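Asker: Handing you a structure now.
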Amino acid sequence: MKTGLTLAAALLLTAGTVAAQDVRVGIASEPYPPFASPDAAGNWVGWEVDIIGAVCAAAALNCIVTPVAWDGIIPSLTSGQIDAIMASMSITAARMETISFSDKYYNTPTVIVGALGVEMDATPEGLAGKIIGVQVSTVHQAYVDAYFGPTAAEVRLYQTQDEANQDLVAGRIDAIQADSIALDAFLATAEGAACCEVKGTVADDLVILGSGVGVGLRKEDTALLASFNAGIAAILADGTYDAITARYFASSIYGG
Amino acid sequence: METLSLLALEPPGWGANLLRGLVNSIQIALGAFALGLLIGTAGAYGKLYGGRVTRDLLAIYTTVVRAVPELILILILYFAVTDAVNQVLLSFGYPRIQISGVVAGIAVLGVVQGAYATEVLRGAIMAVPSGQIEAARSMGMPPLMLARRITLPAMLAFAMPGMANLWLIATKDTALLAVVGFAELTLETRQAAATTKAFFTFYMAAGVLYLIVTLTSGLLFGRIERWARRGEPALRRAG
Amino acid sequence: MSEPGLTASAPARAGGRLPAWLPPHRIVLALIGLSLVWWCAGTLRWGWLPDYGWLIVAGIWRTIWLVVVTTLLGFALAVPLGLAQAVGPWYLALPARVFCTVIRGTPLLLQVWLLYFGLGSLFPSIPWIRDSDLWPLLRQAWPYAVLALTLSYAGYEGEVMRGAFKSVPRGQLEAAQAMGMPRLTILSRIWLPQAVMQVLPTLGGETVLQLKATPLVATITVVEIYAVASRVRQDTLIVYEPLLLLAVVYLALAGVIVLGFRWLEGRVPVRGV
Chain A
277 MKTGLTLAAA LLLTAGTVAA QDVRVGIASE PYPPFASPDA AGNWVGWEVD IIGAVCAAAA
337 LNCIVTPVAW DGIIPSLTSG QIDAIMASMS ITAARMETIS FSDKYYNTPT VIVGALGVEM
397 DATPEGLAGK IIGVQVSTVH QAYVDAYFGP TAAEVRLYQT QDEANQDLVA GRIDAIQADS
457 IALDAFLATA EGAACCEVKG TVADDLVILG SGVGVGLRKE DTALLASFNA GIAAILADGT
517 YDAITARYFA SSIYGG
Chain B
19 METLSLLALE PPGWGANLLR GLVNSIQIAL GAFALGLLIG TAGAYGKLYG GRVTRDLLAI
79 YTTVVRAVPE LILILILYFA VTDAVNQVLL SFGYPRIQIS GVVAGIAVLG VVQGAYATEV
139 LRGAIMAVPS GQIEAARSMG MPPLMLARRI TLPAMLAFAM PGMANLWLIA TKDTALLAVV
199 GFAELTLETR QAAATTKAFF TFYMAAGVLY LIVTLTSGLL FGRIERWARR GEPALRRAG
Chain C
2 MSEPGLTASA PARAGGRLPA WLPPHRIVLA LIGLSLVWWC AGTLRWGWLP DYGWLIVAGI
62 WRTIWLVVVT TLLGFALAVP LGLAQAVGPW YLALPARVFC TVIRGTPLLL QVWLLYFGLG
122 SLFPSIPWIR DSDLWPLLRQ AWPYAVLALT LSYAGYEGEV MRGAFKSVPR GQLEAAQAMG
182 MPRLTILSRI WLPQAVMQVL PTLGGETVLQ LKATPLVATI TVVEIYAVAS RVRQDTLIVY
242 EPLLLLAVVY LALAGVIVLG FRWLEGRVPV RGV
């Protein structure tokens with residue numbers, strides 16, 4: 277009976293563990309269309325999911341897409357739950373103190389979206405007295421706190437971008453700031469189109485907004501970093517990147 | 019009706035996702051409940067028959083778990099346990115292991131349940147008439163046989179309401195794992211609601227599913243309690 | 002029946018006795034605990050505390066405010082719920098029972114999200130709501146948090162009060178009725194106080210559970226202490242220290258609640274003394 281118990285305990289602990297050469301790539305468990313969102317069958321689909329597949333194939337890694345809560349994704353990386361983050365995470369100096377990043381794989385501007393007909397633009401004066409919603413733990417939260425915080429009426433932090441969008445539709449907040457592509461996807465929906473429009477692009481800030489989106493890795497995983505960089509370079513060179521982008525967007529989102 | 023089509027079992031309905039999440043929730047709840055009972059039995063015996071230091075340490079354990087919100091305990095245990103396990107493995111030269119979500123969830127919720135179970139089982143064991151235990155001891159019954167044949171069967175009836183409550187707490191606490199990103203019912207509901215924008219529909223559907231689980235559990239535990247109390251004289255006599 | 006293993010009082014020492022609750026092994030444990038706290042304070046990173054000081058204080062105040070307001074409102078709602086179930090006619094008892102069952106059978110997180118996001122998703126289909134006077138209130142997150150926590154507390158306490166009302170000796174109520182006391186006076190002078198006195202320990206436990214339920218409202222943008230700690234964790238990427246601070250804060254608040262209820266229980270008159 278004792279051996280049975282120990283065996284059961286060992287099996288239980290290793291249930292779900294993976295072999296050493298597999299790479300667990302963490303994505304946010306909150307939907308972020310069109311980059312990554314679950315479909316009705318429970319599979320994750322989107323531009324970013326396809327890019328993960330392509331990069332891993334090019335780098336000869338066996339990647340397992342692992343949804344993790346967004347606001348715990350960096351601690352999950354540093355504690356070993358996942359081995360890489362590919363969740364539209366911007367490369368910023370603040371984050372680089374804790375983790376390292378690969379080369380960027382896309383870079384898009386940041387916009388403010390507000391209700392139709394309401395006068396506002398993407399400046400501190402334009403957003404004075406407004407209630408702004410952002411997703412927690414993003415570069416947009418840091419940006420809004422730094423630039424619009426002093427003049428805005430209130431800054432509300434949401435766990436997911438979808439919830440911020442929903443509150444904008446419901447009228448609880450006046451404006452949201454997020455990536456232009458994600459918000460374009462929101463404005464393409466029936467509710468988004470009926471309620472809101474893009475008010476403007478925010479002034480760039482390389483320190484806060486970062487220099488594009490890259491793969492997040494632990495600082496000591498230099499070999500894995502090299503593999504991911506090689507994979508990204510490969511898909512950019514051989515046209516896979518453009519082929520995937522063409523499926524979702526009208527033009528390239530690689531950015532400058 | 020659009021609502022029903024959203025909940026359909028076949029894609030593009032999200033019903034299958036929700037049911038998958040429900041199965042995960044019940045899995046984690048069962049595991050946590052069982053682990054909690056194990057820890058609780060050990061804790062109850064420790065508190066009743068252990069030395070002074072054991073009792074104080076167990077008191078600290080139960081107090082901390084009952085005073086600190088489960089959400090924070092889940093976060094601390096989730097990151098700390100995996101971190102600690104990986105640090106130990108790395109220091110011995112082994113590669114990192116990734117503990118699966120289900121196992122981590124069961125471990126974390128089991129520790130939380132263990133504290134509550136300690137109190138429930140302690141109260142139930144104390145309610146067993148001491149005369150029976152003393153008689154068995156005076157007959158020379160070894161402690162394990164005493165526990166198995168006398169204490170545990172007798173205290174089952176007293177422990178039933180508390181354990182039914184613990185099971186309900188376990189099922190509802192699995193919802194908190196959604197905030198940590200485990201794919202159980204509440205997270206699947208949130209994802210479905212966020213993708214389809216039908217927030218009201220999906221949250222109501224999830225509520226109905228949880229209600230079905232709790233009501234069924236209530237009936238089940240009622241049955242078990244009646245079985246545990248078999249042979250006891252009725253509390254209310256005629257007239 | 003005495004608790005097995007209970008030791009005698011502390012050994013005598015030269016010049017006086019140690020208090021009964023402080024035997025030597027507890028002094029050792031307390032010293033170990035203090036050195037643990039000292040080590041935590043020294044080696045772990047606490048540099049972020051001054052930067053977020055005011056936010057932390059505001060968060061703690063918001064948590065206390067939420068617990069107090071929802072407990073009081075929830076209890077006020079629980080009394081009629083319990084009364085309806087204990088002695089009410091079926092058309093009052095049944096809805097009360099259904100309400101309590103639904104609240105106790107579904108997770109609080111789901112209830113919070115249903116009230117905030119579920120109701121919020123209905124707003125666009127009611128255009129006139131934006132011009133109504135309630136709109137500034139409906140835009141905020143805290144009314145929904147208060148509503149969800151109040152309904153939750155009322156659901157659980159309604160069950161507790163049902164048992165409490167039933168357990169007050171009927172003779173007292175019948176005597177008061179026979180004396181011609183109006184029903185509301187019976188309730189306020191005899192029934193309710195005795196019912197409450199009986200379940201005071203349970204209410205204390207449930208209030209601690211209410212305290213532990215408050216972090217859930219951080220998911221609907223209410224900034225209480227858990228949200229503040231989350232904010233610190235996101236900004237600084239420090240994992241454990243803010244969580245430890247949270248644990249200490251909640252331990253302290255739970256301690257205050259428990260002590261408060263113990264004091265209340267001490268004020269309950271005991272027959273014959």
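Respectively, the protein sequence lines represent chains A, B and C. Positions 277 to 532 (this note's numbering) are the ones given, in order, by the first sequence. Positions 19 to 257 (this note's numbering) are the ones given, in order, by the second sequence. Positions 2 to 274 (this note's numbering) are the ones given, in order, by the third sequence. For every residue, glycine included, the Cβ atom is placed at its ideal position computed from N, Cα and C. Please read all numbers here as calculations on a predicted model, not as lab measurements.
Cβ of T8 of chain C less than 8 angstroms from any chain A Cβ?
Answerer: As a first step, residue 8 of chain C is located in the third sequence; it is residue number 7 there, counting from the start. Its pLDDT being 45, under 50, T8 of chain C is placed unreliably by the model, and nothing is read from it.
Asker: If the cut is a Cβ gap below 9 angstroms, which residues of chain B does S503 of chain A touch?
Answerer: Position 227 of the first sequence, counted from the first residue, corresponds to residue 503 of chain A. What S503 of chain A touches in chain B: nothing, since even the nearest Cβ is about 16 angstroms away.
Asker: Tell whether a beta-carbon distance below 8 angstroms holds between R105 of chain C and E160 of chain C.
Answerer: Against the third sequence, residue 105 of chain C aligns to sequence position 104. Against the third sequence, residue 160 of chain C aligns to sequence position 159. For R105 of chain C and E160 of chain C, yes; Cβs fall inside 8 angstroms.
Asker: Starting from the C-beta of A219 of chain C, find all residues in its chain whose C-beta is less than 6 angstroms away, skip the five residues before and the five after it, and write them out in chain order.
Answerer: Numbered from its first residue, the third sequence carries residue 219 of chain C at position 218. The answer, listed in chain order, is Y227, A228.
Asker: In or out: P351 of chain A buried (at least 16 other Cβ within 10 Å) or exposed?
Answerer: In the first sequence, counting from the first residue as 1, residue 351 of chain A sits at position 75. With 16 or more other Cβ atoms within 10 Å, it is buried.
Asker: Closer than 7 angstroms, Cβ to Cβ, to anything on chain C: give me those residues from the segment 437-454 of chain A, in chain order.
Answerer: Hits within the stretch, in order: E439, Q442, D443, V445, A446, G447, R448.
Asker: Please report the Cβ distance between R143 of chain B and A62 of chain B, rounded to the nearest whole angstrom; I am assuming they are in contact, meaning their Cβ atoms lie under 8 angstroms.
Answerer: Here residue 143 of chain B corresponds to residue number 125 of the second sequence, with the count starting at 1. Here residue 62 of chain B corresponds to residue number 44 of the second sequence, with the count starting at 1. The residue asked about is misnamed: residue 143 of chain B is Ile in this sequence, not Arg. That pair is a contact at about 6 angstroms.
Asker: Can you list, in chain order, the residues of the segment 105-126 of chain C whose Cβ is nearer than 7 angstroms to any Cβ on chain A?
Answerer: If the cut-off is 7 angstroms between Cβ atoms, the segment 105-126 of chain C has F118, G121, S122, F124, P125 near chain A.
Asker: So with CB distances below 9 angstroms, who are the chain B contacts of G348 of chain A?
Answerer: Counting from 1 along the first sequence, the entry for residue 348 of chain A is found at position 72. Here the neighbours are L93, Y96, F97, V197, V198, G199.
Asker: Alpha carbon to alpha carbon, what distance is there between E324 of chain A and A363 of chain A?
Answerer: Position 87 of the first sequence, counting from 1, holds the residue named residue 363 of chain A. Position 48 of the first sequence, counting from 1, holds the residue named residue 324 of chain A. Straight-line Cα distance between these residues: approximately 8 angstroms.
Asker: Taking 6 angstroms as the limit between beta carbons, can you name the residues of its chain near F239 of chain B, skipping five residues before and five after?
Answerer: Stepping through the second sequence from its first residue, residue 239 of chain B is reached at position 221. Taken in chain order, the residues that qualify are A182.
Asker: W154 of chain B and I168 of chain B look like a contact to me (Cβ under 8 angstroms); what is the Cβ gap, rounded to whole Å?
Answerer: Along the second sequence, read from residue 1 onward, the residue named residue 154 of chain B stands at position 136. Along the second sequence, read from residue 1 onward, the residue named residue 168 of chain B stands at position 150. Residue identity check: residue 154 of chain B is Ala in the sequence provided, not Trp. With 8 angstroms as the limit, A154 of chain B and I168 of chain B qualify as a contact, their Cβ atoms being about 5 angstroms apart.
Asker: Excluding the 5 residues flanking P160 of chain B on each side, which residues of the same chain have their C-beta closer than 7 angstroms to its C-beta?
Answerer: As a working note, residue 160 of chain B is residue 142 in the second sequence. Result list for P160 of chain B: empty, nothing under 7 angstroms.
Asker: Three or more beta-carbon pairs under 8 angstroms between the segment 75-95 of chain B and the segment 119-132 of chain B, yes or no?
Answerer: A contact exists between the segment 75-95 of chain B and the segment 119-132 of chain B.
Asker: For the alpha helix (DSSP H) holding R84 of chain B, just list the boundary residues, first then last.
Answerer: Your numbering for residue 84 of chain B matches position 66 in the second sequence. Unbroken alpha helix (DSSP H) run through R84 of chain B: 70-85.
Asker: According to DSSP, R133 of chain B sits in a beta bridge with which residue or residues?
Answerer: As a working note, residue 133 of chain B is residue 115 in the second sequence. The sequence shown places Ala at residue 133 of chain B, not Arg. A133 of chain B pairs with nothing; no bridge assigned.
Asker: Can a CB atom of chain B be found closer than 8 angstroms to the CB of V257 of chain C?
Answerer: Sequence index remark: in the third sequence, residue 257 of chain C carries index 256 (1-based). Output row for V257 of chain C: interface = no.
Asker: Would Y533 of chain A and G490 of chain A qualify as a contact pair, given that the criterion is a beta-carbon distance under 8 angstroms?
Answerer: This structure does not reach residue 533 of chain A, given that chain A is present from 277 up to 532, and the question cannot be answered.
Asker: Helix, strand or coil, according to DSSP, for T215 of chain C in the structure here?
Answerer: The residue given as residue 215 of chain C occupies position 214 in the third sequence. The answer is helix: DSSP assigns T215 of chain C an H, G or I state.
Asker: Helix, strand or coil: which one does DSSP assign to S3 of chain C?
Answerer: On the third sequence, position 2 is the one that residue 3 of chain C refers to. Below a pLDDT of 50, predicted positions are generally treated as unreliable, and S3 of chain C, at 43, falls in that range; no measurement from the model is reported.
Asker: For Y96 of chain B, which of helix, strand or coil comes out of DSSP?
Answerer: Mapped onto the second sequence, residue 96 of chain B falls at position 78. It is helical.
Asker: Taking DSSP's pairing of strands, which residues face K380 of chain A in a bridge?
Answerer: Along the first sequence, read from residue 1 onward, the residue named residue 380 of chain A stands at position 104. BP columns for K380 of chain A point to A:G490.
Asker: Using a Cβ distance threshold of 8 angstroms, determine whether the segment 111-120 of chain C contacts the segment 178-196 of chain C, with at least three qualifying pairs required.
Answerer: In short, these stretches do not touch, since the Cβ pair count stays below three.
Asker: Is it buried or exposed for N319 of chain A, if we count other Cβ within 10 angstroms and need 16 for buried?
Answerer: Start at 1 with the first residue of the first sequence, and residue 319 of chain A comes out as number 43. N319 of chain A is exposed by the Cβ-count criterion.
Asker: Which one or two residues does DSSP pair with C339 of chain A in a beta bridge?
Answerer: The residue labelled residue 339 of chain A in the question sits at position 63 within the first sequence. BP columns for C339 of chain A point to A:V299.
Asker: Under 7 angstroms Cβ-Cβ, which residues of chain A neighbour W185 of chain B?
Answerer: Position 167 of the second sequence, counting from 1, holds the residue named residue 185 of chain B. What W185 of chain B touches in chain A: nothing, since even the nearest Cβ is about 21 angstroms away.
Asker: Leaving out five residues on either side along the sequence, give the residues of the same chain with a beta carbon under 6 angstroms from the beta carbon of D326 of chain A.
Answerer: As a working mapping, residue 326 of chain A is identified with position 50 in the first sequence. Around D326 of chain A: I520.
Asker: Name the residue from A:P314, A:N383, A:K406 whose alpha carbon lies nearest to the alpha carbon of Y530 of chain A.
Answerer: Counting from 1 along the first sequence, the entry for residue 530 of chain A is found at position 254. Selected option, being the one with the closest Cα: A:N383.
Asker: What are the start and end residues of the beta strand (DSSP E) that includes Q411 of chain A?
Answerer: Counting from 1 along the first sequence, the entry for residue 411 of chain A is found at position 135. Note, Q411 of chain A: beta strand (DSSP E), 407-411.
Asker: I think L40 of chain B touches L229 of chain B, with their Cβ atoms under 8 angstroms apart; what is that distance to the nearest whole Å?
Answerer: Taking the second sequence and counting its residues from 1, the one referred to as residue 40 of chain B is at position 22. Taking the second sequence and counting its residues from 1, the one referred to as residue 229 of chain B is at position 211. 12 angstroms between Cβ atoms; not a contact.
Asker: What are the boundary residues of the beta strand (DSSP E) that R432 of chain A is part of?
Answerer: For the purposes of this step, residue 432 of chain A is taken as the residue at position 156 of the first sequence. Where R432 of chain A is concerned, the enclosing beta strand (DSSP E) stretches over 430-434.
Asker: Are the segment 197-209 of chain B and the segment 328-347 of chain A touching, with three or more C-beta to C-beta distances below 8 angstroms?
Answerer: Yes, they touch.
Asker: According to the neighbour-count rule (16 or more other Cβ atoms, all chains shown, within 10 Å of its Cβ), is V224 of chain C buried or exposed?
Answerer: As a position in the third sequence, residue 224 of chain C is number 223, starting the count at 1. By the 10 Å Cβ count, V224 of chain C comes out buried.
Asker: Which same chain residues end up closer than 8 angstroms to L36 of chain B when comparing Cβ atoms and leaving out the 5 residues on each side of it in sequence?
Answerer: In the second sequence, counting from the first residue as 1, residue 36 of chain B sits at position 18. Excluding positions up to five away in sequence, the list reads L25, L203, E206, T207, A210, F220, A223, A224, L227.
Asker: Suppose you measure from the CA of A230 of chain C to the CA of P243 of chain C; what does that come to, to the nearest Å?
Answerer: Indexing the third sequence from 1 puts residue 230 of chain C at position 229. Indexing the third sequence from 1 puts residue 243 of chain C at position 242. Distance between the alpha carbons of A230 of chain C and P243 of chain C: 5 angstroms.
Asker: Kindly indicate if chain B contains any beta-carbon less than 8 angstroms away from that of G492 of chain A.
Answerer: Here residue 492 of chain A refers to the residue found at position 216 when the first sequence is read from its first residue. No, G492 of chain A lies away from the interface with chain B (no Cβ there is under 8 angstroms from its Cβ).
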